[in-house]
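Notes to accompany the following structure.
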Amino acid sequence: MQKKSTSMGVRGQSFEAFRVLIAMVIALGILVIILGVINYFDTLRQNVSYDTLNSSWKSAYDSPNGKVIRVPGLFFSKDTRFSRTQFARQVSLDKDCIAFDADTTLGYSFDQDAVVVTNSTIGAIYLQCSTENIVGAPGSNCNAYCLLSFGKPIPTP
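When the sequence shown is numbered by the working numbering, its final residue is 536 and no position is left out of the sequence of numbers.
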């Protein structure tokens, strides 16, 4: 009578290692696909935010009535930079007719010429354009004066 072997043979053990390797490769492939999808939607969300900001900016400029326009829920990634020149070129306006403000506690830093997103953030941007000099532009000949505030509400008079 022959004894039955309870252990796998060498071939069986090799096949188990191969199955684990295949499972790891499949798992890695699925992970890469998931990360790609997440990156795609973040990029899409940021592009929608840019488009929304640009259309709101043009709308505020086209009707310089002094009313504050609040644009909520915009997503911008770290190191995104906005400049006065960038906004001025969109509407053929002198950059001295535009001023920036920002809430530095919400992930923005700013100076006279630019706002930089220091941490990826979702927030509101406030826009106000007026025919009156609300930005303190010295001696500028502007058909509209505009204030863009990142995360910081603009007080209404």
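Glycine is no exception: its CB is placed at the ideal position from the N, C-alpha and C atoms.
Take residue i and list the residues in its own chain whose beta-carbon comes closer than 8 Å to its own, dropping the five residues that flank it on each side.
i: Asp480; result: Phe489, Leu526, Leu527, Ser528, Phe529, Lys531 and Ile533
i: Ala467; result: Asp473, Lys474, Cys476 and Ile477
i: Ser435; result: Ile448, Val450, Ile504 and Leu506
With burial defined as no fewer than 16 other Cβ atoms inside 10 Å of the residue's Cβ, what is the status of residue i: buried or exposed?
i: Val494; result: buried
i: Tyr419; result: exposed
i: Arg398; result: exposed
i: Thr406; result: Note on identity: in this sequence residue 406 is Ala, with Thr being the wrong assignment. Exposed, by the Cβ-count rule.
i: Val416; result: exposed
Going by alpha carbons, who is nearest to residue i out of the options?
i: Asn512; options: Asp430, Tyr505 and Ala523; result: Ala523
i: Thr431; options: Gly445, Phe455 and Ser462; result: Phe455
i: Thr337; options: Val411, Lys457 and Gly415; result: Nothing in the structure corresponds to residue 337, since the chain is present only between 380 and 536.
i: Ser462; options: Asn433, Thr484 and Leu485; result: Asn433
i: Gln491; options: Gly408, Thr422, Gly515 and Met403; result: Gly515
Can you give me the Cβ contacts of residue i inside the same chain, cut-off strictly under 7 Å, excluding the 5 residues immediately before and after it?
i: Arg460; result: Ala493 and Val495
i: Gly486; result: Val496, Thr497, Asn498 and Thr500
i: Ser428; result: Leu453, Phe454 and Phe455
Excluding the five sequence neighbours on either side, which residues of its own chain have a C-beta within less than 6 Å of the C-beta of residue i, listed in chain order?
i: Cys508; result: Ala439, Tyr440, Pro443, Ala523 and Cys525
i: Ile413; result: none
i: Asp482; result: Gly530 and Lys531
- Message: Please give me, in chain order, every unbroken run of the alpha helix (DSSP H) with length at least 4 that falls completely inside the region 391 to 439.
- Response: none
| Which runs of the beta strand (DSSP E), 3 residues or longer, sit entirely within the region 470 to 499? | 477 to 481, 487 to 489 and 493 to 496
Check your understanding: Quick one: any contact between the region 498 to 507 and the region 444 to 452, if contact means 3 or more CB pairs under 8 Å?
Key -> yes
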